[in-house]
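Undergrad: One structure follows; several queries about it will come next.
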Amino acid sequence: MPFLARKRARIIPALLLLLASGLTASAQETAQPRPKVALVLSGGGARGFAHIGVIEWLEEHRIPVDIVTGTSMGGLIAGMYATGMTPAEAHHFITAVDWDKSLRPEPNYDQLAFRRKEDRRAYQLGVALGLKDGLRGPTGFNPGHGVALLFDRAAYGYSGMKTFDDMPIPFRCVATDLETGDPEVLQDGSLPMALRATMAVPGVFTPVELKNKILVDGGMVDNIPSDIARDMGAKIIIVVDVASELGSRKELSTLGGVIDQALDIATLENERRGLKLANVVVKPELRKFSASDFYSSEQIIHAGYEAAAKSMPELLLYALPEDQWQQHLHDRYARKRTVPSQVSKVEIAGVGRRQKEDLQEEFGKFAGKPLDLRRLETELTRATGSGRFDLLGYETFTTSEGTGLRIDAHEKTYGPPFLDLAINVQGSGTGDFDFSAGARLTMLDVGGRGGELRNDVVLGGTNFLSTELYQPIGSSRFFIAPRAFFLKQARGNFVGNHEIAQYHDRRMGAGLDVGFASGRRSEIRIGYEYFNGALATVIGSPDLLGTSGGNGLLSAKFIYEGQDSPNIPSRGTRFSAEIDHIIHSPGAAHSFQQFKLNGSQFIPISTKGSIFGSAAFGTSFSDTAGFFQKFSLGGPFRLGAYSRDQFLDSNYAYASVGYRYELFRLPVLVGRKVYAVAAFESGTTFPDFFDHVAVHNSINIGTLVETILGPVQLAGSVSTTGRTKVNFSIGRLF
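Residue numbers for the sequence shown follow my numbering, beginning at 65 and rising by one.
Below, the structure is given as structure tokens:
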């Protein structure tokens, strides 16, 4: 809130506050004890941030809260307040959250293990599937790891409680028993687990197993839990109602509007029941905010403060005189638990012996040292990024040696094995169109701890079959990786801008790599590969192109993956370098060497905009490359004004620079963001460094959309010579 507005909000009711305080003091002299005041906070997604603004106003005007109850987001804010967190602390906590990261179905790309990064780059369909007990997926769109860490941090130090009555403010929250449909009042045990349960929106977040029950969001059965506050002894009930209001007929003209209205009607009756028990109802003006407006937290908090100010005459009836208010705060904070600065031991819960040993080895280092919660959360997220767990949480427990730290691990119930999917489309017209769909099946702990069997199947315009056994050597970071593959893809043969033939490039072979996994961001491999290749003309004269034979090569490759997204990065660097010794290949007179460099860099220059650049270079030095080792350019993000693989030769160079700007966000179940993109590209292929080199350029302007199907691109491209194309693609871009 702007300073002057907040100042006026404090000054205007000053005389009324003094009068109310006097009346309250007089009443309390004749009627003791003071009736208990309960604050009841409703669910409503991001609209629930308004609760913080209401609490700020109540504390500024000395309105006591003796009991606090809530559901869903109201349960989270109520739980934070109940721990003794001040309104200012709660305000900062909520507004400082990176909601993009917290609400992602899995850890941020940068925090994934290297092999999981490879999965996301190659298979970008945002659907998690597994083959454990048949083909199935998770029980929620989002397992809630990022959000769960917020709960764990907010409730740190308040685990394993005999009753939530022992908190600085006695607290309750509500969940729904998914098996019976009954409300489940959470009043003891693990506070972080209670907060997870009350906010587990069905279909969005994975249900929480607690007290031998499967629990989800409590809004379906008791979104305004005034009845619970009454059962706890409250005589005065202040309700903050942030639930959505029913839409107008005009708002019912869309599918989304109809679904939202149906969901609101489903909770309408239980909300009316809660409102009937209220002495005061604070109803913030939130029509312009939806339940998913997490980045409007400041405005929503302000709306809550303003709503409380409008209810001033009713609320000031319960204000305390200054001395009693200070005593009330003293008593509250005297019950606040001291947050442990370090823990004496670390315990792993929720998994079997092998995973428990691995996690104990990884997190045992936190015992006996000052505990940095941010560092702990980062390492928990990175452990989740290995792909086996859907979430890792933490809480404290009491031991004979002091305070212990419990890591609660939740393995994915639908795998391993895991199944990643992809749809890849590239086209610029009926004559230049390619569609393929693929799947990657990954089995874990094959051949020993850390071993993986990766199987790929891609069918369509490109056909690809592959299997690789990745096996760490002992407990080291070194590994061996034998593999076998089959590839068949369509390619064109061009003279100038004219395609004179189309042919199939078919390869079948095997290889063996030895490598070093140097971390989440990089990997080094050296190895040998042999494949039999054949180029067969499909359209055009068979004399133009047609060859086959064996190819053998030794290679060494380094990859660094430091970007924040496999789809449309906003920051970071990706870099690869490879040197090959081709022992023999059809079309090559003798053995030769090749060197390849490829890199891209994204730099944010504002909250919504990034500039980016990429460069690639490949050379066969002074030799002529074999047919299967020639470099190609042409197509989206490879000179967009030209056809795919239009330019082919023994050497190539390419560079681009561009700007990407976020236009708006998509609903969470559809995708993430929509961008406008402009880029300039320049590149060439050439037979020899001393020959004349023709450089080709392309200017591209279009949109990029992050969807659950992967990144979608629609762009118009024009060359400096006037050649134009409109490119459309789904799938891997950069």
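Note that beta-carbon positions come from the ideal geometry of N, C-alpha and C, so glycine has one too.
Classify residue 200 as helix, strand or coil using the three-state DSSP reduction.
TA: strand
Undergrad: Which residues bound the alpha helix (DSSP H) around residue 286?
TA: 283-286
Undergrad: By Cβ distance below 6 angstroms, which residues in the same chain neighbour residue 183 in space, the five residues on each side in sequence not counted?
TA: 484
Undergrad: Quick one: residues in its chain with C-beta nearer than 6 angstroms to the C-beta of residue 114, no 5 flanking neighbours on either side, listed in chain order?
TA: 306, 348, 364, 367, 368
Undergrad: Find the nearest neighbour of residue 470 within the set 293, 462, 258, judged by alpha-carbon distance.
TA: 462
Undergrad: In chain order, what residues of the same chain have a beta carbon less than 6 angstroms from the beta carbon of residue 445, not counting five sequence neighbours either side?
TA: 171, 175
Undergrad: Return the Cβ separation of residue 661 and residue 689 in integer angstroms, given the expectation that the two are a contact with Cβ distance under 8 angstroms.
TA: Actually they do not touch by this definition, with Cβ atoms about 16 angstroms apart.
Undergrad: With a floor of 3 residues, list each beta strand (DSSP E) that falls wholly inside the region 441-483, ordered by position along the chain.
TA: 453-463, 466-475
Undergrad: Starting from residue 427, follow its DSSP beta bridges and name the residues at the other end.
TA: Beta-bridge pairing links residue 427 to no other residue.
Undergrad: Per DSSP, what kind of secondary structure is residue 391 in: helix, strand or coil?
TA: Looking at residue 391 - three-state DSSP - the assignment turns out to be helix.
Undergrad: Can you tell which of 425, 416, 499, 409 has its C-alpha closest to the C-alpha of residue 432?
TA: Of 425, 416, 499, 409, the residue nearest in Cα terms is 409.
Undergrad: Whole angstroms is fine: what's the gap from residue 795's alpha carbon to residue 774's?
TA: The alpha-carbon atoms of residue 795 and residue 774 are separated by roughly 5 angstroms.
Undergrad: Can you tell me where the beta strand (DSSP E) with residue 623 in it begins and where it stops?
TA: 611-625
Undergrad: With DSSP collapsed to three states, give me the class of residue 125.
TA: coil
Undergrad: Check for me: the beta strand (DSSP E) holding residue 225 runs from which residue to which?
TA: Careful: residue 225 lies outside any beta strand (DSSP E) and carries neither H nor E.
Undergrad: To the nearest whole angstrom, what separates the beta carbons of residue 490 and residue 708, a pair I think is in contact under 8 angstroms?
TA: 7 angstroms
Undergrad: Given residue 649, which residues of its chain have a CB within under 7 angstroms of its CB, disregarding the five upstream and five downstream residues?
TA: 615, 690, 692, 693
Undergrad: Taking the alpha-carbon of residue 543 as reference, which of 531, 552, 516, 525 has the nearest alpha-carbon?
TA: It is 516.
Undergrad: Quick check on the burial criterion: 16 or more other C-beta atoms within 10 angstroms. Buried or exposed for residue 497?
TA: exposed
Undergrad: How about residue 146 and residue 161: are their beta carbons less than 9 angstroms apart?
TA: no
Undergrad: Nearest-angstrom Cα distance between residue 549 and residue 727?
TA: Near 41 angstroms, if we compare the C-alpha coordinates of residue 727 and residue 549.
Undergrad: Please identify the residue among 519, 159, 137, 672 whose C-alpha is closest to the C-alpha of residue 723.
TA: 672
Undergrad: Cα-Cα, which of 235, 602, 526, 720 is closest to residue 144?
TA: Of the candidates 235, 602, 526, 720, 235 places its Cα closest to the Cα of residue 144.
Undergrad: How far does the beta strand (DSSP E) with residue 363 in it extend, from its first residue to its last?
TA: From DSSP, residue 363 is part of no beta strand (DSSP E) but of the alpha helix (DSSP H) over 361-374.
Undergrad: So what does residue 723 bridge to, in DSSP terms?
TA: Answer is 675, 742.
Undergrad: Kindly give me the distance between the Cβ atoms of residue 378 and residue 159, rounded to whole angstroms, as I take these residues to be in contact under 8 angstroms.
TA: Not confirmed; about 28 angstroms, so no contact.
Undergrad: Return the chain-ordered list of same chain residues with a C-beta closer than 7 angstroms to the C-beta of residue 669, the five sequence neighbours on each side being excluded.
TA: 675
Undergrad: Could you have a look at residue 754 and say whether DSSP puts it in helix, strand or coil?
TA: coil
Undergrad: Which residues mark the beginning and the end of the beta strand (DSSP E) in which residue 266 is found?
TA: No beta strand (DSSP E) holds residue 266; DSSP gives it neither H nor E.
Undergrad: Which of the three DSSP states, helix, strand or coil, is assigned to residue 519?
TA: strand
Undergrad: Suppose you measure from the CA of residue 806 to the CA of residue 376; what does that come to, to the nearest Å?
TA: The structure shown does not extend to residue 806, since the chain is modelled only from 65 to 798, so the question has no answer here.
Undergrad: Does DSSP classify residue 760 as helix, strand or coil?
TA: strand
Undergrad: Under a three-way DSSP split, which group does residue 415 fall into?
TA: It is coil, neither helix nor strand.
Undergrad: Looking at the structure shown, is residue 736 part of a helix, part of a strand, or coil, going by DSSP?
TA: strand
Undergrad: Rounded to whole angstroms, how far is the Cβ of residue 405 from the Cβ of residue 341, which I believe are closer than 8 angstroms?
TA: The pair is not a contact, with the Cβ atoms about 42 angstroms apart (cut-off 8 angstroms).
Undergrad: So the alpha helix (DSSP H) residue 293 belongs to, where does it begin and stop?
TA: 290-295
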